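Participant: Protein chains in written order, with my numbering: chain F, 853 to 1264; chain S, 853 to 1264; chain H, 853 to 1264; chain W, 853 to 1264.
All residues carry an ideal CB built from backbone N, CA and C; glycine is no exception.
Computed from a predicted structure; not experimentally measured.
One structure coming up, written as structure tokens, with questions to follow.
Protein chains: 4
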Amino acid sequence: MVAKKRGLWLVGARGGVAATVAVGLAELARAGSEAATVGLVTESPLLAGPDFPSWNQEAPWSSWVLGGHEVRAGTLLEAARELERQNGALPVGLADRHATTLDAIDRRIRPGVRFRSGTAIDALTPGSPTSSATPRALVEQIKADLIAFRESNQLDQVVVAILSSTEPPTPADTLPTTWDQLNPLLDRAESCPLRASSLYALAAIESGMPLINFTPSLGASCAALEERAVACGTPLAGRDGKTGETLLKSVLAPMFAKRALRVESWVGHNLLGNRDGAVLADPDNKRSKIDSKDALLARLLGYAPQSLVSIEPIASLGDWKTAWDHVHFRGFLGVPMTLQFTWQGCDSALAAPLVLDLARLITLAEERGEAGPINALAAFFKSPQGAVSDDFGVQFERLRAWVSGLERSSVP
Amino acid sequence: MVAKKRGLWLVGARGGVAATVAVGLAELARAGSEAATVGLVTESPLLAGPDFPSWNQEAPWSSWVLGGHEVRAGTLLEAARELERQNGALPVGLADRHATTLDAIDRRIRPGVRFRSGTAIDALTPGSPTSSATPRALVEQIKADLIAFRESNQLDQVVVAILSSTEPPTPADTLPTTWDQLNPLLDRAESCPLRASSLYALAAIESGMPLINFTPSLGASCAALEERAVACGTPLAGRDGKTGETLLKSVLAPMFAKRALRVESWVGHNLLGNRDGAVLADPDNKRSKIDSKDALLARLLGYAPQSLVSIEPIASLGDWKTAWDHVHFRGFLGVPMTLQFTWQGCDSALAAPLVLDLARLITLAEERGEAGPINALAAFFKSPQGAVSDDFGVQFERLRAWVSGLERSSVP
Amino acid sequence: MVAKKRGLWLVGARGGVAATVAVGLAELARAGSEAATVGLVTESPLLAGPDFPSWNQEAPWSSWVLGGHEVRAGTLLEAARELERQNGALPVGLADRHATTLDAIDRRIRPGVRFRSGTAIDALTPGSPTSSATPRALVEQIKADLIAFRESNQLDQVVVAILSSTEPPTPADTLPTTWDQLNPLLDRAESCPLRASSLYALAAIESGMPLINFTPSLGASCAALEERAVACGTPLAGRDGKTGETLLKSVLAPMFAKRALRVESWVGHNLLGNRDGAVLADPDNKRSKIDSKDALLARLLGYAPQSLVSIEPIASLGDWKTAWDHVHFRGFLGVPMTLQFTWQGCDSALAAPLVLDLARLITLAEERGEAGPINALAAFFKSPQGAVSDDFGVQFERLRAWVSGLERSSVP
Amino acid sequence: MVAKKRGLWLVGARGGVAATVAVGLAELARAGSEAATVGLVTESPLLAGPDFPSWNQEAPWSSWVLGGHEVRAGTLLEAARELERQNGALPVGLADRHATTLDAIDRRIRPGVRFRSGTAIDALTPGSPTSSATPRALVEQIKADLIAFRESNQLDQVVVAILSSTEPPTPADTLPTTWDQLNPLLDRAESCPLRASSLYALAAIESGMPLINFTPSLGASCAALEERAVACGTPLAGRDGKTGETLLKSVLAPMFAKRALRVESWVGHNLLGNRDGAVLADPDNKRSKIDSKDALLARLLGYAPQSLVSIEPIASLGDWKTAWDHVHFRGFLGVPMTLQFTWQGCDSALAAPLVLDLARLITLAEERGEAGPINALAAFFKSPQGAVSDDFGVQFERLRAWVSGLERSSVP
Ligand SMILES: NC(=O)c1ccc[n+]([C@@H]2O[C@H](COP(=O)([O-])OP(=O)(O)OC[C@H]3O[C@@H](n4cnc5c(N)ncnc54)[C@H](O)[C@@H]3O)[C@@H](O)[C@H]2O)c1
Ligand SMILES: NC(=O)c1ccc[n+]([C@@H]2O[C@H](COP(=O)([O-])OP(=O)(O)OC[C@H]3O[C@@H](n4cnc5c(N)ncnc54)[C@H](O)[C@@H]3O)[C@@H](O)[C@H]2O)c1
Ligand SMILES: NC(=O)c1ccc[n+]([C@@H]2O[C@H](COP(=O)([O-])OP(=O)(O)OC[C@H]3O[C@@H](n4cnc5c(N)ncnc54)[C@H](O)[C@@H]3O)[C@@H](O)[C@H]2O)c1
Ligand SMILES: NC(=O)c1ccc[n+]([C@@H]2O[C@H](COP(=O)([O-])OP(=O)(O)OC[C@H]3O[C@@H](n4cnc5c(N)ncnc54)[C@H](O)[C@@H]3O)[C@@H](O)[C@H]2O)c1
Ligand code: NA
Ligand code: NA
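Written out as structure tokens, the structure reads:
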């Protein structure tokens, strides 16, 4: 049996997460690079054994080909070197070791589309004019790039992963709730409530390519596009990768609830120095992220304590996210207590392996004929589509059950 | 139908946890004291609903009578006032509000027994001679006190809770593994490997009174006594209440495992100023606690990172435990990261509601005819008897399933 | 020789700091209350000895009488009890112990004036109309109250301390720089750039009563009023008491400078739950505080790192200020490092003793015939008037030299 | 005028601090390497200006030649590369950039002597026999190496810096207090209370070469050797470089004292993963360091709070020292408060520039004809010889006054 050949299409292909995905995949293909598997859930003992897919036989890392869309100039190699210099966000020497591979990927990167992306993202590509094409024409242009990638590389499956800068939020009440209502709005830029991330999402959906939205941008997280995905038979996973502070919240808040301790206030400050942080300095774009981070507390606790989440761009920290959280709670008889934590994580190194895991997992959904939001993947996201619980422990058990084939996952 | 009358017998009846149990129970019986239910798992929405017992109908807090054993002089009211003064370990005014109730309990407190309890515990009662009675005679003396408590208060059920100071550890290889081997050793002080906590445990077991061991002392945590409990039909729950740093470990370590992040080192320092801390200043007694705290990390992660746990008596902190944990871990491609947390909790206020919850829950086991270690109660303990998992999330789901009657819990 | 009788007039006389001053002064007069002297610099060994005034002989705490202005309803006893309940901001029992004394002070509290105080302060006294009097009339009204206090209590000296809620900032360019320019503007409300704090300040200055401005409000911190103070012979000390995070900055930033370590970024988050915090929730009022906290970093380091200061009202924390600071710096060869600290202080208990110290110290200035800004008192303030250095160590040496009489302090 | 040529002799020449000194000095000689001057006090604006030496004219970094003693095998280049790999303790690429320079220094490194150095240090050079020479013979051997270094490199001045692993402590009561008593003990190994660090110190003293003892080992920190240094005209600076947690203590403890806040307890935990940490894992060697770190608290505060200092070797942290300090203190009326800090510093990068500063500064002492302990250098040490104050701010002012020539410094 010949192993399948798979493609992973990265939207935001020269960003920090994308560059780490690229270097990491190259490193995984190298013999004996044990450190590369750290952080990969599909490589961990918890998803291994007779009940689970033998990924390394059926979907080895070497069977994946990368390509993508990007709006910025520059090369992937430059992006990787920048991560090395940023306080060791990539271990020293890896960028150069895989320079040839990175160059090859670079040649498969196509110009991305900007559409209602907001001024912060426009500022990444100064001077570059916004296209005057209709949203529908942009979708078609993206689809053409996706199909060309599949064909020229003779791929059996292609996964699309949105890793581009966070867009401003899209108010729920501007979004039609059915595909029939949304569809005609794509014909005129002025009438279209979607932004670029949703155009990428729609292109993937209509091409039948499973979609991962790792960003807080809307992507396919709305009823009309979920409906479209079910109709096209395309599985969806989103949105906003759960890598740091929110991951901690999703294990700590359930702990308070299960001990019946009363959370009075939860304050979280996030310092961040990379390009993602710079885009998030824009209040509009930041709103998307904060909404995504803040909402789940009340869902996890069953009531809403006073809460505060900030994201602050601190240039000198580079790719190192520092989060400080202060939780004030009461115990028996109302006695006040506190928990504080400081998380010092490297954002790209936390995100990239999850993107690779998701690529593997969503092809499983495709092979099982599941479509629309795959709620078994909720453990990976801050604002999971179709999730049944926000408790990370519960989400993880759901993931295991689904991967082992015990349960189906698509929502309908 | 007349509601049952229940007794809770506290070993270490004038300690910090016991005094908080006493004040808290009095407060719970008062109308409108909402703060009193904070921290009670059996009062939380997670254990409420049609599938769960209607505790407040069938086992209202007012149906419980307290008594206990204690080796120190003093009164329960003094112990409660001490907690108030210790930086607010009890809210101001509660001790005096319930002075009459506390006095009544005091009159039901009987002299405790010391047996191989170690020099730190002996130092709590200077000048008081150790009894020369045989271990078996001490067990009989305890049983007589327990039965007198049941009869003179006309109680339907009595639960025994060990809340006394931590004893030195008992090496596993000094303990016979069957009751037939252990039994004859009780006839001579010199040959008996057990300490006082296990004599209390045995007395409860042979009296058919469900036993809670909230301390790191051995109690009934050995094969011979578990066998005896099964034979006598007595349910067991132990050992070492999981209230602070270890509770956090039991949610955070699984998080690292489920993200495949590699923990390199986990250092935990615990500062503590109360009488418990003073006893734990003795290296022997501290050993019991540290073993209990440290062991579970390897079980939770699947491998043993470098680890360190300290407990340090810092007088000025009173009942306020401060724990600082530093976790050094690696992500994708080996990138090093850290998580630190500081936990500032009031130990007695964290422990007391769990003791009350356990009292309710273990009577449920008795009513269902379960005996020996009740593994569904693992979520409450650092070193749970008969537990199936050390992951707090998993333990809690097990608890819910058992309480709702879906599953039985006793090990055999 | 008969000891002098002194008055301390508190503007904001039922606030948290004022109530702590009142209870503390009562407690200091009690025999054997050693805890009361903690935090008093004038009682410390560093300001004791043959070179220093014998305060307790010449200016014993019992020689001070309190009075003040307040705009809110309520009593001082209520204010003190509120502090007790707020997580122990006052030790339990003190409010009631000194109830009679507090009542007596209450009878000496006069209605305060509001003038351009901002909406957040207006909200403290809902429904109460703003006076239509001219600024000059308000100053005269305040002076009348001050003089009545001095006369009816037969005081030898009166110190005025501004402890009222933080006002919005007053832009420097709206302030005339000489008294001759400022003076005529007091005749019409519309033309007057000053706010209430400066009217209080002017009243004290013109009454020859030494002034302490413990708040970030303008008070006498402008050239025109300093000129007026010199002319009237009144000593000034201000502004904004240095009690917590900023105190730490003023010892830590010099440490970085003296080790030639390069601070890249300094982020400080302050959580605060009392009435002061509530007023500071108003962006206008908060601006005054943040400006005061942030400016000194660049002065201390000699360059401006990226910096961020926030103040966030978190109701459940009561009078407990929690500050988290994250300092990112570089060492030799550019190696990046971090320092983080968490400060958990009780704001009123930190502030009140400094107010008492300042009262003692500024009478010394008066007795020595010094007038205008007393720069030797810089160690007490975030934005010191006339200071020579922002380094707390240097400021403290200056204080010692001045108190011991080695140096004069007034600026001109 | 021809600039002087200077030598810096490193004892422990392939250790982490020494390797960073070597790389840093090479980097400083390179044009345009601005990052290299970070952390150098003699390059900071605080020691610059008309009153201060023009170091870069009179004692440029390029005028220094390195050599040293070492007991371990290996090369300096390997040591430097190890630092690079250890989480970026040296910026990437520096070791290789200066490979030729490092090789040249390596050729000037001579075999060190071990004498009563303790088992942990012996374990660094497994299999290597301890010399049977008398202490005096070892001193002569060291002197011969020092003089050969001076002559073969035609050096005008040579400074000796002890940077070797921490030895076990030497009890004060085993040390004679005069040179006449100590001198004869050097003739027999069995009678000699000194360890290797003191033999190095004596050799430097008798060779008239200024001595820096950056370690907690005894070196010249005893009356007899200080007397000898005065007799030989040799300036001394020691002991134990103040780089991290203790530096913070020396600014924070004075802050508490100057605010009259009462420190109840001060707990400090130090995690450390490098070779220094491994040697400090030995309880004997650790004792030296802890004594040095702990003693100064009582001196700074004027009373001894409960205190605790630990040093724990955590391998995965490499050269990254993490210190967590928890200070529990009381304010006005006894209200309890806390300060916590976490310091994450790279030990070698903190130490190396201070060694270079000290080399410059101690030659100044020599040129001014000062001998014995130079107390103006106290700011650099945890246990300064002849210091007048432990307050870092005061020490720094003393340093400035001395460097600018206003004051002499030698003790007698
Ligand atoms: N790293 C994490 O831990 C993490 C976690 C959750 C979510 N995310 C999200 O992942 C995304 C990527 O993060 P990052 O750190 O790589 O950011 P980044 O800024 O380094 O990369 C984003 C890239 O997207 C490109 N881009 C922007 N708009 C585009 C468009 N319309 N089409 C194509 N390319 C476009 C940018 O030019 C940039 O190169 C962000 O939205 C971030 O919020 C990251
Ligand atoms: N509070 C927590 O968060 C927590 C968590 C887990 C375990 N524990 C354990 O619970 C126990 C009680 O803690 P505490 O804070 O109340 O301690 P404590 O020291 O305040 O109380 C213990 C009491 O037990 C009494 N005692 C000692 N030996 C006895 C004996 N042989 N018979 C009868 N009485 C005896 C002592 O006199 C004392 O009054 C300790 O073992 C502690 O380690 C507490
Ligand atoms: N506590 C600290 O550590 C600290 C440090 C520095 C500065 N300060 C400043 O001290 C001031 C007092 O702090 P607090 O915690 O007592 O605040 P608070 O809010 O408890 O008290 C302020 C009082 O001032 C009164 N007030 C407001 N406007 C007034 C006016 N125009 N005339 C008379 N009274 C008026 C209010 O009604 C209130 O009772 C604030 O400005 C605060 O920023 C406090
Ligand atoms: N780095 C800091 O922040 C700091 C601060 C204060 C003190 N110190 C002290 O500085 C010293 C050096 O620290 P490091 O991190 O470089 O340690 P290190 O272990 O990396 O280096 C010490 C070197 O000394 C060598 N050595 C041991 N005994 C010797 C002897 N008798 N003769 C010659 N060489 C010998 C060892 O082989 C080793 O190479 C230690 O004593 C440490 O405690 C360091
Ligand atoms: Na990133
Ligand atoms: Na206050």
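Looking at C-alpha atoms only, which residue of R924(F), S983(F), L918(F), S1050(F) is the closest neighbour of N1005(F)?
Facilitator: L918(F)
Participant: Does the Cβ of I973(W) lie closer than 7 Å to at least one heavy atom of ligand 1?
Facilitator: no
Participant: What do you reckon, are the CB atoms on A956(H) and T1029(H) nearer than 8 Å?
Facilitator: In this structure, T1029(H) does not lie closer than 8 Å to A956(H) by Cβ.
Participant: Just checking E922(W) against ligand 4 - is the residue's beta carbon closer than 7 Å to any of the ligand's heavy atoms?
Facilitator: Yes, the beta carbon of E922(W) sits closer than 7 Å to at least one heavy atom of ligand 4.
Participant: Quick one: is the Cβ of P953(F) within less than 7 Å of any heavy atom of ligand 4?
Facilitator: At residue 953(F) the sequence reads Thr, which differs from the Pro that was named. Checking the Cβ of T953(F) against ligand 4 gives no.
Participant: At a cut-off of 7 Å, would you count T1018(W) as near ligand 4, judging by its Cβ distance to the nearest heavy atom?
Facilitator: yes
Participant: Looking at L928(W) and S872(W), is the spacing between their C-beta atoms short of 8 Å?
Facilitator: Before going further, note that residue 872(W) is Thr rather than Ser in the sequence given. No. Outside cutoff.
Participant: Tell me the start and end of each unbroken beta strand (DSSP E) in the segment 933-965 of chain F that is at least 3 residues and wholly inside, in chain order.
Facilitator: For the segment 933-965 of chain F, the full-length beta strand (DSSP E) segments reaching 3 residues or more read 961-963 along the chain.
Participant: Pick helix, strand or coil for A1112(W), following the three-state DSSP scheme.
Facilitator: coil
Participant: Identify whether F1066(S) lies in helix, strand or coil by the three-state DSSP scheme.
Facilitator: coil
Participant: On a CA-only basis, which of L862(F), R1260(F), T1026(F), A881(F) is nearest R960(F)? Give me that one, please.
Facilitator: L862(F)
Participant: Give the DSSP bridge partners of C1044(S), in chain order.
Facilitator: Listed as beta-bridge partners of C1044(S) by DSSP are no residues whatsoever.
Participant: Please confirm if the segment 984-1004 of chain F is in contact with the segment 963-971 of chain F, defined as three or more CB-CB distances below 8 Å between the two stretches.
Facilitator: yes
Participant: Give a single yes or no on whether N1126(H) has its beta carbon closer than 7 Å to a heavy atom of ligand 3.
Facilitator: yes
Participant: Report, in whole angstroms, the separation of the C-beta atoms of G920(H) and A870(H), which I expect to be a contact under 8 Å.
Facilitator: 7 Å
Participant: Starting from the beta carbon of R1040(W), find every residue of chain H whose beta carbon is closer than 7 Å, and list them in chain order.
Facilitator: Within chain H, no residue comes near R1040(W); the closest Cβ sits about 43 Å away, beyond 7 Å.
Participant: Identify the contact partners of G1170(H) in chain S, using a Cβ-Cβ distance below 9 Å as the criterion.
Facilitator: Within 9 Å Cβ-Cβ: nothing; G1170(H) doesn't reach chain S, min ~12 Å.
Participant: Go ahead and pull the three-state DSSP assignment for I999(H).
Facilitator: helix
Participant: Hey, is W1195(W)'s beta-carbon within less than 8 Å of any beta-carbon in chain H?
Facilitator: Chain H contact via Cβ: present.
Participant: Only counting the same chain, and skipping five residues up and downstream in sequence, which positions put a Cβ closer than 7 Å to that of S1059(W)?
Facilitator: K995, L998, I999
Participant: With respect to the alpha helix (DSSP H) encompassing T1194(W), which residues constitute its N-terminal and C-terminal limits?
Facilitator: Not the alpha helix (DSSP H): T1194(W) falls in the beta strand (DSSP E), residues 1188-1198.
Participant: Examine the Cβ distances between the segment 1038-1058 of chain W and the segment 1157-1169 of chain W and report whether three or more of them are shorter than 8 Å.
Facilitator: Contact between the segment 1038-1058 of chain W and the segment 1157-1169 of chain W is absent, because fewer than three Cβ pairs lie under 8 Å.
Participant: Quick one, are the C-beta atoms of G970(W) and E1019(W) less than 8 Å apart?
Facilitator: yes
Participant: When you compare only the Cα positions, how much space is there between L860(S) and D1242(W)?
Facilitator: 57 Å
Participant: By the 10 Å Cβ neighbour count, where 16 or more other Cβ atoms means buried, how is D891(W) classified, buried or exposed?
Facilitator: First, the residue type needs correcting, since residue 891(W) is Gly and not Asp in the sequence shown. With 16 or more Cβ atoms within 10 Å of its Cβ, G891(W) is classed as buried.
Participant: Using CA coordinates, which residue listed in I1142(S), S1140(S), M1061(S), V1131(S) is at the minimum distance from I1166(S)?
Facilitator: V1131(S)
Participant: Do D1128(F) and S1235(F) have their C-beta atoms within less than 8 Å of each other?
Facilitator: For D1128(F) and S1235(F), no; Cβs fall outside 8 Å.
Participant: With a threshold of 7 Å (Cβ to nearest heavy atom), would G945(W) be considered close to ligand 8?
Facilitator: No copy of ligand 8 occurs in the structure displayed; its ligands are ligand 1, ligand 2, ligand 3, ligand 4, ligand 5 and ligand 6 alone.
Participant: Taking the C-alpha atoms as reference points, what is the distance between L1063(H) and S1261(H)?
Facilitator: 15 Å
Participant: May I ask you to list, following chain order, the residues of the segment 1175-1190 of chain H that have a beta carbon less than 7 Å from some beta carbon of chain W?
Facilitator: R1182, G1183, F1184, L1185, G1186, V1187, M1189, T1190
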